[in-house]
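To start, the structure itself, in structure tokens.
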Amino acid sequence: MKKTIILSFFILFLALEPSLLAQPAHNWNSPSEVVKQVKKKFSDLNSYKADFQIQTVSNKKSKNMKGVCLYKKGGRIRYQFNEPSGDEIVS
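Below you can see the structure in the form of structure tokens.
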């Protein structure tokens, strides 16, 4: 008897609240759609320059790296590190 009452309340609750079972509506896009939108948005960009900072923690030791990122259209990217000085990554 007790199980029947609990089950009845559960079924009634689900019947009155269908939104609990429904998928939430959202405007999220697939990763490939996000890539398309980003490429479209920045297609007119010829170059940019940005400061960056990277902090890593390993074995309770912290390491900081700072520098400048330079981009030119065509996929050319350069990371010039100020800290540690002299390091550079060119793509």
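As numbered in mature numbering (1 follows the signal peptide of the UniProt record, and there is no 0), residues -22 to -1, 1 to 69 make up the sequence shown, in order.
Virtual Cβ for every residue (Gly too), placed ideally from N, Cα, C.
- In the DSSP assignment, residue 40 forms a beta bridge with 35.
- Proximity to residue 21 across 44, 51, 65 and 56 peaks at 51, based on C-alpha coordinates.
- Between the C-alpha atoms of residue 31 and residue 19 there is a straight-line separation of about 25 Å.
- In this structure, the CA atom of residue 69 is about 31 Å from the CA atom of residue 37.
- Within its own chain, the residues whose Cβ lies closer than 6 Å to the Cβ of residue 44, once the five positions on either side in sequence are excluded, are 31, 60 and 61, listed in chain order.
- With respect to the 8 Å criterion, residue 33 and residue 25 are not classified as neighbours on the basis of their beta carbons.
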